[in-house]
Structure formats: C-alpha cells, structure tokens
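Residue numbers (our numbering): 1435 to 1862.
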C-alpha cells in the first residue's frame, strides 16, 4: 500500500484512497472519520483520567474565580468535522470549490485534500508542544473542581456524548444506537443522513479506575430511509422510535464496516470495510492515526484461551471438559495459556495478532451470556471473519443472528478458525 518507505499513510489519506478507488462512498468515509475523531478524544480523556480523578467534572470557578465549563460541555463543543470532511461539504455547496475541482481535473478535489492533509500533519507536530501546556492547565482546573466535591459524571457517559456528537456533526447518520442508550435515536432532520451506526463507547469501563485496557466498538449498517425523523410527520414519537428499533436490529452479515479502538499502551484504531482488516496507531507527535498493520490475518491456531474461569462452576459440563483439556499438556508438552483482560477489545486485539480463542458462554446465571449482540458481538465477529477467523454462539454463526431487541445478549466463542472448530466438537 505504501509506495515509499518514507511515506506515512494515515487514516485520513487511507479513507481518501478507498473512496478514490471506489471501495467506499464519501458518506461512509465521513462517518468513519467522525468515529475516529471521537476515539481520539476518548483516548485523551482516558490518558488523563487518573491524573484528574476523572469520572467527569462539574462546572465551577477555578482558583482565580473564573467560570469554568464542565468537561462534558467542553466535549459537546469540540468541532467534530475534520478539515477534509469540511472540504467535501464545500465541494457540494460552493461554486468556487466546484470550479477548483474542474480546473484541477476530475480528481482535483482529491489532490487538494492530500495537500491539505500534509499541511495539517505538519501543523499537528507544531501544536503538540503547545497542547502540553494547555492540557496541564486543564488538569489543574479539573483537579481543583474535584477537590470542591462537585458532582461527577462517569467517563463512559462522556464518551457516549462524544460519539453521538461526532456522528451527528458528520451529517451522514440517520440512526445512532448506543449501548448507553435505552433505544436507538433518530438524528435530527437538519443533520441526518442515512447510515445506521451502533457502538459501545467504552468497552471494559470497569478497568478505567485501575488504568487497564479499555476500548470502543462500532458497526455501520446500510442507509435506511424508514427512519428519517420528520417534525412534520403525523406519526407519534413512539412510532418513530419503533421504526428506529426495527431499522437497527439487523444481522451482522449486513454490516458495511466495523471496528474498534484500543486504549492501552498504544491507541490502535482497527477496522474493516469488507476487504480485510487493517489497523492504525495513534501517533501522539501529531495526533493522527498512522497505518501500522496491513491485511491482518489471524493465525489458524493459537495457544491462548480467554474465559472468565471464575464462572467455571456455572458452565455447561461439555464446556468444563473443554477447558479441562486445554489445561493439560498438548502434543508439544505444554498446556494452553490462560489470559483474561476483562475487556473484549483487548481480547480480540491480541487474538487477531497471535491467535487463540475467546469465550463468553451462557451459564446458570446468565442464560444468554453477558455480551450484547448488536454493539459488541456482531462488529467483532465481522472483524474476525474478515481476518480469517470464526465466531459462533455455540450452535450458529454470530453474523447470521438477527436481534429481536437492541440490547439482546448472546453467548459467543470467537477466534482462530481451528480453535473455534475444536471447541464446537465438544459442544455438539
């Protein structure tokens, strides 16, 4: 994909190339860019969460008596349109940009976007130094606010607002379905497009207080004209919400794109648009996701298993037998290694790179497992299958399951193809 070893390809330029090559349309590129921007903001909050004891910060006055805004208001006001997205808007709305495109040729706007991207990257390197000073000021303000005992807002709620605001500002989403919301939401008509975006803003939120791995998960479905909110429509709000629920409840096989963002020692944005899996790592020097993993293929076998064995006694006997056998020495004289992070994003990220199997099965207390089909299992299964792996609920392919409810849960076994098939022999 890179033509020179000196070329650095980032997410912005990759999206532009995919659009130019006809692998996605402008609308989908804008939605993905908006999601990546929300992930950057969440990563920034997570990196500072321990310093400022961040579960949120209520607005108050600082030591100098100056009015301060609470953090979620600051998040609301983040301008969520990246510059190349802005140019796409202008190409449609202003004759000046159309003339520029015509003058430069059919791909004139794309050329302009590439140049702008390079300029922006240079600017980011310079502004990074300045941002260190600004963030230290913010830390002091928020630390003072926390000392005052003001009400706190959980970080996963703030992350949810960042996702929602970024997607609304993209102008390309018709329905937003979040794990944090009771029902899917129709985007206001003045902002709405057609894409349906489902997401879990912070996966593994219990890990935040101990600075362990967390992540965000998303999936994008095809446009649906049955859920465009119209304030002049005579239908009731309940009817509109029902349309949203029906539109969002699609099987994972309908996904156009899916991915996750890992917040750990590195921030990694991994996605697929149906043409394999690739990953971009956030470079803190200039605040852009840089392509670091091309054409990720999950190994067909692996020696790591990830189950919450604290629930071992609640598992089915067949599954217990499977786990018992994994702990016995294999043909190489070694047993499988058990790893459990408590964050689905972390488990899947490791598995994509080194192979293995992850399981969140049903048990005596949770008849359908603990993970949600729409927000977690379907997007992750899409990614893993694109990388050559498999995902099942124990009896059928995850991507074939059509959810009846937006928060429907399902058991899941996902990972290297040979490892999942090995498990299935125990369960059948």
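Glycine included, each C-beta is placed from N, C-alpha and C at the ideal position.
Keep in mind the model is a prediction, meaning the values are calculated, not measured.
query	result
Helix, strand or coil for residue 1618 per DSSP?	coil
Buried or exposed, going by whether 16 or more other CB atoms sit within 10 Å of the CB of residue 1645?	exposed
Tell me whether the stretch 1741 to 1752 and the stretch 1604 to 1624 touch, counting them as touching only if at least three CB pairs, one residue from each stretch, are closer than 8 Å.	no
Report buried or exposed for residue 1765, applying the criterion of at least 16 other Cβ atoms within 10 angstroms of its Cβ.	exposed
Determine the extent of the alpha helix (DSSP H) in which residue 1592 is found, giving its start and end residues.	1589 to 1604
Would DSSP call residue 1709 helix, strand or coil?	coil
Given residue 1696, which residues of its chain have a CB within under 6 Å of its CB, disregarding the five upstream and five downstream residues?	1649, 1702, 1779 and 1783
Can you tell which of 1603, 1594 and 1789 has its C-alpha closest to the C-alpha of residue 1824?	1789
Evaluate residue 1538 with the Cβ neighbour count: other Cβ atoms within 10 Å of its Cβ, from every protein chain shown; 16 or more gives buried, anything less gives exposed.	A caution first: residue 1538 carries a pLDDT of 39, below 50, which makes its placement in the model unreliable, though a value can still be read off. Residue 1538 comes out exposed.
Would you report the Cα separation of residue 1462 and residue 1754, rounded to the nearest angstrom?	43 Å
Give the straight-line distance between the Cα atoms of residue 1631 and residue 1792, rounded to the nearest whole angstrom.	25 Å
Could you give the C-beta distance for residue 1733 and residue 1850, rounded to a whole number, given that I count them as a contact under 8 Å?	6 Å
Measure the CB-CB distance between residue 1801 and residue 1748 and report whether it falls below 7 Å.	no
Using only CA atoms, which one of 1813, 1717, 1595 and 1822 lies nearest to residue 1445?	1717
Identify every run of the alpha helix (DSSP H) within the stretch 1721 to 1777, keeping only runs that are complete inside it and at least 4 residues long; order them along the chain.	1751 to 1760
Leaving out five residues before and five after residue 1775 in sequence, what residues of the same chain have Cβ atoms less than 6 Å from its Cβ?	1647 and 1781
Ends of the beta strand (DSSP E) at residue 1635?	1629 to 1637
Alpha carbon to alpha carbon, how far is residue 1759 from residue 1679?	42 Å
Could you compute how far the alpha carbon of residue 1592 sits from the alpha carbon of residue 1808?	21 Å
Might you give, ordered along the chain, the residues of its own chain that have their beta carbon closer than 6 Å to the beta carbon of residue 1836, omitting 5 neighbours on each side?	1685
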